[in-house]
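Have a look at the structure below, then the notes.
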Amino acid sequence: MKRILRGAVLPVLVFALWEAGSRAGLLPMDTFSRPSDIVLAFAAGVSDGSIPLATWLTAQAALVGFAIAAVAGILVGVILGLSPFLERTVGPSIEALRPVPAIALTPLTLLLFGFGLRMEAAVVAFACVWPVLIVTVAAVRGIEPRLLEVAQALELAFPARLRKIILPAALGRIVVGLRVAVSISLIVAVTVEIVMNPRGLGYGMIIAQQSLQPALMYAQLLWLGLLGWGLNALLTRAFGQWHGAFGPGVSP
Amino acid sequence: MRESPAAVLSLEKVRVAFGGRPVLSDISFEVAAGEFLCVVGPSGCGKTTLIRMLAGLLAPTAGSIVFGGRPLAGTSRDRAIIFQDYTKALLPWRTVAGNIALSLEAGGIAEPERGRRVEALLAKMQLAHAAVQYPGQLSGGMQQRVQIARCLAQQPKLLLMDEPFGALDAITRQTLQDEIARLVAEERTTVVFITHDLEEAIYLGDRVIVLQSNPGRIAEMIAVKIPRPRSQLETREDRRFLEHRHRLFGLLQDAEG
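The listed protein sequences correspond, in order, to chains G and Y. Position 136 of the first sequence, counting from 1, maps to 136 under our numbering, and the rest follow consecutively. To convert, count from 1 in the second sequence and add 252; that's our numbering.
What follows is the structure, given as structure tokens:
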């Protein structure tokens, strides 16, 4: 609690100075809305339901894309991590695809899926899959060989080996990739909305900016920041226990 | 084959080479049912290679290994291996009870039988109070107890131990030596025990094999005719114990050179 309060000092100070500067006429109103106006715009957006709806649409696309990337990334990552042969075969293609900016796929996904959830989630999934995939390959490859020998000595069948040894042993590191992917998912979803897809918070910001409502634009921008922060905090909490649970000096 | 009827395990002219470099050469010995065989040798003599081969984690380059009347091929749940590095061999995300349960799960033993057996092993290895703790929260000796319990849960016909007490302090080591001697005597388990500690080998073994390096080969094989149960104090002062120690000590010195 104390840390949250301390962390809040700087933002509160910035907003206070901003409000004061604005009231003193030091900041142009058409680009720097007053924080008080931003709060009012946010309240209006919430009460008329437009911000909750936009939030839902953006979160939906981000989460669907993230989920697809997580499942695909872990699945392929485990396979490639276990098979150096496949990794050598598929690896170069992955290295060639990975640098393609996800946003550059927007026109293609538009052709494939049209406007809406599917094209946005597809772009998000493409952007998110790489960190998950690469971290998973490394995590599986980095599993303590002794553990695999224990599994072998116990004659665990492959599904049991995967469920009881490989996945839990790799999970601690896979989580790192998942966290990176989550923050990417929100960024990419909003970017796709700003660039092309007429839905969600990104689109809402464009509309607010074009209709000369900077306060509403700021409101959505700040709200986005808060969402990203909350999402990351949630994830840290959910998976943080995984790291700390096994006593001192042990990292799975 | 000069296999006697009571031999559970027999090796015949076994050779192991890694990339042309011989690690073990001309290894032939037999282990009788219920026997406690210790293999002692300097580091780099191929002790660990030998035990990994017996576990089925490694195939010999030449020669034959027969276990229970059949050629030994690959791993099997009736041969359990206890590794020296218990921190790496235990699942850090499972509790003590969960780690022991792993080998029962592998053996297809379902609840509630599984729970009963875990309980019994926890009691047997004096781990009951630590059942819900994670390996990372335990001392080295306790962690090694967990690994021993996990291997005993397999109810193996052959227990393979690779310097299991090498990383423990002297007092813990002696306690565990006596416990393992008692447990395998109760269960009549056959044991192959690797160590670099000559006194440990004589203290625990019915027979002791001394390996020499470059390539690893059998230098000597002695029978330890000191009655059981043995005692840390008296056995180590026994005339026969000291005689064996003197004789093998010299061999190990030679082997080192």
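Note that beta-carbon positions come from the ideal geometry of N, C-alpha and C, so glycine has one too.
Quick check: what's the CA-CA separation for residue i versus residue j?
i	j	result
glycine 509 of chain Y	serine 465 of chain Y	Note that glycine 509 of chain Y has pLDDT 47, beneath the 50 cutoff, so the model's placement of it is unreliable and the number below is only indicative. Spanning the two alpha carbons is a distance of roughly 9 Å.
leucine 500 of chain Y	threonine 487 of chain Y	17 Å
glycine 457 of chain Y	glycine 359 of chain Y	29 Å
arginine 440 of chain Y	alanine 285 of chain Y	8 Å
glycine 272 of chain Y	valine 76 of chain G	37 Å
arginine 511 of chain Y	alanine 372 of chain Y	The structure shown does not extend to residue 511 of chain Y, since chain Y is modelled only from 253 to 509, so the question has no answer here.
alanine 375 of chain Y	alanine 307 of chain Y	27 Å
alanine 511 of chain Y	isoleucine 103 of chain G	Residue 511 of chain Y lies beyond the range of chain Y shown here (253 to 509); nothing can be said about it.
tryptophan 223 of chain G	alanine 69 of chain G	25 Å
glutamine 209 of chain G	glycine 114 of chain G	25 Å
leucine 212 of chain G	aspartate 30 of chain G	8 Å
alanine 169 of chain G	valine 78 of chain G	12 Å
phenylalanine 288 of chain Y	valine 476 of chain Y	10 Å
glutamate 144 of chain G	leucine 356 of chain Y	22 Å
glutamate 87 of chain G	leucine 167 of chain G	18 Å
proline 28 of chain G	proline 214 of chain G	11 Å
methionine 253 of chain Y	serine 280 of chain Y	Residue placement at methionine 253 of chain Y is poorly supported in this model, since its pLDDT is 43, which falls under 50; the coordinates still yield a value, given next. Whole-angstrom Cα-Cα distance: 10 Å.
alanine 121 of chain G	alanine 139 of chain G	26 Å
alanine 380 of chain Y	threonine 191 of chain G	56 Å
valine 132 of chain G	glycine 177 of chain G	5 Å
leucine 162 of chain G	glutamine 406 of chain Y	20 Å
glycine 249 of chain G	glycine 388 of chain Y	Its pLDDT being 40, under 50, glycine 249 of chain G is placed unreliably by the model, and the measurement read from it follows with that caveat. About 7 Å.
alanine 151 of chain G	isoleucine 134 of chain G	24 Å
isoleucine 470 of chain Y	leucine 463 of chain Y	5 Å
Candidates the options: which alpha carbon is nearest residue i's?
i	options	result
glutamine 220 of chain G	G:Val14, G:Ala125, G:Asp37, G:Leu27	G:Asp37
isoleucine 174 of chain G	G:Trp130, G:Gln213, G:Phe32, G:Leu212	G:Trp130
leucine 261 of chain Y	Y:Ile454, Y:Thr442, Y:Arg488, Y:Thr487	Y:Thr442
cysteine 297 of chain Y	Y:Phe319, Y:Arg322, Y:Thr447	Y:Thr447
leucine 526 of chain Y	Y:Asp337, Y:Gln406, Y:His381, Y:Arg482	In the structure as shown, chain Y starts at 253 and stops at 509, and residue 526 of chain Y therefore has no counterpart that could be examined.
leucine 342 of chain Y	Y:Gln395, Y:Gln406, Y:Arg482	Y:Gln395
leucine 485 of chain Y	Y:Val348, Y:Gln429, Y:Ser355	Y:Gln429
tyrosine 530 of chain Y	Y:Thr427, Y:Glu282, Y:Ala471	Only positions 253 to 509 of chain Y appear in the structure, and residue 530 of chain Y is not among them; the question remains open.
glycine 321 of chain Y	Y:Val266, Y:Phe281, Y:Ala258	Y:Ala258
aspartate 490 of chain Y	Y:Glu451, Y:Val462, Y:Ala471	Y:Glu451
serine 328 of chain Y	Y:Leu310, Y:Ser316, Y:Lys265, Y:Ala314	Y:Leu310
glycine 21 of chain G	G:Leu10, G:Pro35, G:Val9	G:Pro35
alanine 422 of chain Y	Y:Gly393, Y:Asn351, Y:Gln406	Y:Gly393
glycine 200 of chain G	G:Gly49, G:Ala16, G:Gly25, G:Ile184	G:Gly49
arginine 118 of chain G	G:Val90, G:Ala67, G:Ile134	G:Ala67
glycine 367 of chain Y	Y:Gln378, Y:Leu494, Y:Ala349, Y:Glu282	Y:Ala349
I want to verify the contact list: residues of chain G whose CB lies under 7 Å from the CB of residue i, in sequence order.
i	result
phenylalanine 335 of chain Y	Arg146
arginine 329 of chain Y	Leu154, Glu155
alanine 307 of chain Y	Ala153
By the 10 Å Cβ neighbour count, where 16 or more other Cβ atoms means buried, how is residue i classified, buried or exposed?
i	result
arginine 3 of chain G	exposed
lysine 299 of chain Y	buried
aspartate 414 of chain Y	buried
lysine 164 of chain G	buried
arginine 397 of chain Y	buried
methionine 459 of chain Y	The sequence shown places arginine at residue 459 of chain Y, not methionine. Looking at its Cβ environment, which holds 16 or more other Cβ atoms inside 10 Å, arginine 459 of chain Y is buried.
arginine 237 of chain G	exposed
arginine 492 of chain Y	exposed
serine 391 of chain Y	exposed
valine 124 of chain G	buried
leucine 112 of chain G	exposed
tryptophan 229 of chain G	exposed
leucine 253 of chain G	Because chain G here runs from 1 to 252, residue 253 of chain G falls outside it and cannot be looked at.
glycine 142 of chain G	exposed
leucine 57 of chain G	buried
methionine 473 of chain Y	exposed
glycine 7 of chain G	exposed
proline 107 of chain G	exposed
arginine 23 of chain G	exposed
methionine 217 of chain G	buried
proline 294 of chain Y	buried
Since residue i and residue j are thought to touch, with beta carbons under 8 Å apart, how far apart are those beta carbons, to the nearest angstrom?
i	j	result
proline 416 of chain Y	arginine 331 of chain Y	Not quite, the Cβ-Cβ distance comes to about 15 Å (not below 8 Å), so this is no contact.
glycine 81 of chain G	alanine 189 of chain G	Contact doesn't hold; Cβ gap of about 28 Å is too wide.
arginine 480 of chain Y	alanine 437 of chain Y	7 Å
methionine 354 of chain Y	leucine 154 of chain G	Going by the sequence as given, residue 354 of chain Y is leucine instead of methionine. Leucine 354 of chain Y to leucine 154 of chain G, Cβ: 7 Å. Contact.
isoleucine 74 of chain G	threonine 136 of chain G	5 Å
isoleucine 400 of chain Y	isoleucine 432 of chain Y	7 Å
leucine 412 of chain Y	leucine 435 of chain Y	Contact flag wrong, Cβ pair sits at about 15 Å.
Quick check: is any heavy atom of the ligand MG less than 8 Å from the C-beta of residue i?
i	result
alanine 102 of chain G	With respect to small molecules bound, the structure shown includes none, and the ligand MG cannot be examined in it.
Report the neighbours of residue i on chain Y: residues whose CB is nearer than 8 Å to its CB, in chain order.
i	result
alanine 238 of chain G	Going along chain Y, no residue has its Cβ under 8 Å from alanine 238 of chain G, so there is no contact; the nearest lies around 16 Å.
Can you pull the chain G neighbours of residue i, defined as C-beta to C-beta under 8 Å?
i	result
alanine 340 of chain Y	The residue you asked about is not alanine; residue 340 of chain Y is lysine in the sequence shown. Neighbours of lysine 340 of chain Y on chain G, chain order: Glu144, Arg146, Leu147.
Report the neighbours of residue i on chain G: residues whose CB is nearer than 9 Å to its CB, in chain order.
i	result
leucine 411 of chain Y	The premise fails here: leucine 411 of chain Y is roughly 12 Å from chain G at the closest Cβ pair, so nothing lies under 9 Å.
leucine 343 of chain Y	Leu147, Val150, Lys164, Ile165, Pro168, Ala169, Pro252
Where the segment 350 to 368 of chain Y meets chain A: residues whose CB sits under 9 Å from a CB there: Absent here is chain A; the protein component of the structure consists of chains G and Y.
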